[in-house]
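Report on the following structure.
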Amino acid sequence: MSVSALSLERPGWWRTAGLSAIIFTALLPAVPLVAEFVKTGGRLDALQGFIPILAKSLALNLAGGTVALVIGICLGLMHSFYSFSGAKIIRMLFLTPLCMPPLLLAQGIRYFEIKFLTGPAGMVYVTAIVTLPLVMLATITASSLLSSGQCLAARLAGGERCLLRYAARFVFPSALTTALMGTCIMLSCPGPAMALGVKVAISEILISFSALYDLNLAASQCLLMSGAALLTLLTALAISGKQPLQNLSVSTGSNHPRYHPQMSRLAFISSLAVLVLQLGVPATGLIVPAISVPDVAEIMNVISRTGANSLVYATGTASAATLSGTAAAFFMNKSARHRYFGTVSMLLIFSLPATLTALGYSAAGTISPPWTDFIFRSRAAVCLSQGLRLFPIPALLVLRALNSVPSSWAWAAEMQGISLGRYIAKIIIPVISGPVMAGFLVTALFSQADISTLLLLHPPGSQNLPLAILTIMANAPRALIAQLDLIYMALAIVLLMVIGHFRRGMNT
Amino acid sequence: MIFKRTIIFSVLCFEAILFGCQGNNTQPEVVVYTSVDDIFSRPVAKRFEEQSGIKVRLVTDTEETKSTGLLNRLIAESARPVADVFWSGDPVRAAILKKRGISAPYHSPSAKGLPEEFSDPEGYWTAFSTRARVIIFNKLAFSYRKPPASVRDLTSPEYKGMACMANPLFGTTSMHAAALFQALGPVGAKQFFNDFAANGGKIVGSNGDVKDKVASGECILGITDTDDINVAMKEGLDTGFVFPDQDTIGTLLVPNCAVLIKGAPHENEAKKFIDYLLSPEVEEMLAASTAAQFPLRDNIPGPEQFPPLSDIKIMQVDYNLLADTLQKIMDGFLKEWVDANS
């Protein structure tokens, strides 16, 4: 007896079980740390000094998030409503900082040697340029929910200014949630603090881990930081209501930007200006020291040593993320309750510090029997740890594609006696293949930006390119570091253009 | 069409992962954790691979970037070690491993000719090539005045707000802090650190940052290592250096150490690697490299840019005791001092 295509449309216990299993697996590595935290009473005395530093970090990141929020909404609306030549390429370029380790961006800013941009101001700057593309994407996605009738009505009522004012109000909840998510992600990113010499919460955790050799204290601090990130995000969700989550998880209409003589020109000029600040400043900071005869042999040596590993980590992480994300999307689809619960959980998982799960994997590898080394002490550990953190990206992309499939198709398949397998092969896979591919490539790129997991879990002799840059940057000539950084930046841009090629996936 | 493409793409990815996660188990290998900078340690590992046919799996760490906490990784893995050898950039981490029961004694036949005073008498670590802690200064700023002669000059009102050092919780600066506690006594060392802070001294991220800030003129003097001085020379920066305290406590040496890990999965290969590390060839390589390290053997020529070790007054410290001192001040005075002043 074949299973009906309609089973994909019906509720069932398997949705709850499947979704819970994926979320539980993603959070499982944190269990040893939580247990340690509970066992020792959380080291409350030692954490007292950590709290002001955590507050300072939050303040710095929130400042960066606010800058990104303001600029991101403006730019996002410009790109939503006005067409201009090169808009697609500019949008892809805006995404570049998301695909680069923030350490490299901070390095570029540091090499730029403007005194104002070192220290805390530099931290705000890096947070802003990494969070900006997230806010922009959220704004574009949310504004696509506005119908052309609504836009026309706003235009008739008060021209372009009225449209932008109302649209800004409409997209604000989504943009705010995304800005705070970016803030939380940057909170656990050690790179900018290292490069710019700022004392922040994550650097304190590294001190506890690297200098004081106190895993227990590091775990307590890490959990406190995770708590702060969760609180920030939950507050944002409470303020914004359900709209941002709905925007994320349901299929939206598409934007219809149109040409407007003044506004299109303004959109183009403002995009270029922001792009200069976002990419131009760090890139120039890297280009200036890179102008020298390149040490081709050393560059090739680093790339050949790390190239295969970079590929393995990227494909492995992307495979783990795409598989679990696609499964999660199937479990969440067609059930508003599951969609809400799943989206909230996934956002929280995505915002947790990468260090949390990586430390958990490390602890589990130590107490587990040797036959588990394949999971805990190999490249697979890195791929699983990163993949189970990044799975919300493909999950949301696939979920939005699945939402675009009307229920009537499944009914038609049922009436025609088409089996579930055939329905999936002929209807569902063609619909989701674009988003799956886009999710795969985006997670592959994102995984390269996460150095923390690699630092803690990479097996001996298996560095990837960003980690190699990090380990040689202390004493290698500045020109070599800058040249490697630039090569990485160029690769990220090329890959982004490739992703842009999968337009079907990106549009959803 | 899309379906077929997806299937082909998935199969290719699966094969790439499968291939990537498999190791080549036929070649003998040794896993080396090292806190020596990647650009200095990797050529040595490569030369060993060429000579012995043993594959070296290197895990590098730079204390300057406060990265992996390699020592902590060794401690965490102690029940079932992954590493065979720890090539430490300083003897203090080696002493900590001994105290924690993570290292095993090994008296290498290659250690012949190396002075015994820098190594553990029980063979838990053997020292070879060394760096020195030096004062770096901006030549332009000191063109009309005498360069400083002692680390205590960093607290002089003459250099108010113009001196810097790396975060003393990390790397060689932490070892230097512990050495000052031993050489000056706790009262004298605390006085030095407090005076440094009161004089507007800056704490920067790493020894490399010290070099950069002094070269740019943001600070005019600081404390760093000889390898950073050599990088500054190679980059043509306008900086000079002084071996400090030649009339008093002497200059601190920071030798490399080879440590065999207890329960090493590849013990024979590990011993061969340690034998190689302690050979005169490696001391020569490290002296000639950008690391510009001083050979501990007196019959091997040192780096050209520095005077021979025999001409430098060396600070007398007990490295075993230094580990205890370091752990004590890390949790106490030093952590509080850094918290208060950074």
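Protein chains in written order, with the working numbering: chain R, 175 to 682; chain F, 20 to 361.
Built from N, CA and C at the ideal position, the CB exists for glycine as well.
Asked	Found
Positions along the segment 353-371 of chain R whose CB lies within less than 7 Å of some CB in chain F	368, 371
Spatial distance of residue 516/R from residue 352/R (CA atoms)	17 Å
Proximity winner among 671/R, 436/R, 562/R, 640/R, relative to residue 661/R (alpha-carbon distances)	640/R
Interface residues of chain F facing residue 223/R [CB-CB closer than 7 Å]	358
contact_flag[the segment 289-299 of chain R, the segment 366-376 of chain R] where n(CB pairs < 8 Å) is 3 or more	yes
Same chain, Cβ closer than 8 Å to residue 216/F, five either side skipped, listed in chain order	356, 359, 360
Classification of residue 330/F by the beta-carbon crowding that lies within 10 angstroms, buried from 16 upward	exposed
Residue from 103/F, 335/F, 324/F whose Cα sits closest to the Cα of residue 267/F	335/F
Short Cβ contact (9 Å threshold) for residue 419/R with residue 564/R	no
Cβ-based burial, residue 285/F [other Cβ within 10 Å; buried from 16]	buried
Minimum Cβ-Cβ distance from residue 213/R to chain F less than 9 Å	no
Nearest neighbour of residue 281/R, chosen from 240/R, 458/R, 356/R, 265/R [CA to CA]	458/R
Contact set for residue 618/R: own chain, Cβ-Cβ below 6 Å, skip 5 residues either direction	488, 492
Cutoff 6 Å; reference residue 64/F; Cβ partners in own chain excluding five residues on either side	75, 77
Beta carbon proximity, residue 523/R to chain F, threshold 9 Å	no
Per DSSP, cross-strand counterpart(s) of residue 184/F	222/F
Buried or exposed by the 16-neighbour rule on C-beta atoms within 10 Å, applied to residue 227/F	buried
CB of residue 239/F within 9 Å of CB of residue 304/F, strictly	no
Beta-carbon separation (whole angstroms), residue 184/F vs residue 236/F, contact threshold 8 Å	That pair is no contact at about 17 Å.
Secondary structure of residue 144/F, DSSP reduced to three states	coil
Bounding residues of the beta strand (DSSP E) (the contiguous stretch that carries residue 601/R)	Run containing residue 601/R: none; DSSP gives neither H nor E here.
Those runs of the alpha helix (DSSP H) which lie wholly inside the segment 345-386 of chain R and span at least 4 residues	365-370, 375-380
Cutoff 9 Å: residue 182/R Cβ touching any chain F Cβ	no
Three-state class that DSSP yields for residue 311/F in the structure shown	coil
Chain F within 9 Å of residue 630/R, Cβ atoms only	yes
C-beta contact flag for residue 213/F and residue 309/F at 9 Å	no
Cut-off 7 Å between Cβ atoms - residues of its own chain near residue 407/R, not counting five sequence neighbours on either side	354, 355, 358, 521, 522, 525
Beta bridge counterpart(s) of residue 79/F as assigned by DSSP	53/F
Coil, strand or helix - residue 105/F by DSSP	strand
Selection from 272/F, 135/F, 117/F, 312/F that minimises the alpha carbon distance to residue 5/F	Since the first and last residues shown for chain F are 20 and 361, residue 5/F lies out of range.
CA nearest to the CA of residue 56/F, picked from 71/F, 109/F, 354/F, 95/F	109/F
Beta carbon proximity, residue 531/R to chain F, threshold 9 Å	no
Proximity test, Cβ basis, 9 Å: residue 199/R and chain F	no
Closer than 8 Å at the beta carbon, the chain R residues around residue 233/F	Per Cβ cutoff of 8 Å: no residues; residue 233/F is ~15 Å from chain R at best.
Contacting residues, own chain, Cβ-Cβ under 7 Å from residue 155/R (five flanking each side not counted)	Examination of residue 155/R is not possible in this model, given that chain R is present from 175 through 682 alone.
For residue 273/F, the residue or residues it bridges with in DSSP	150/F
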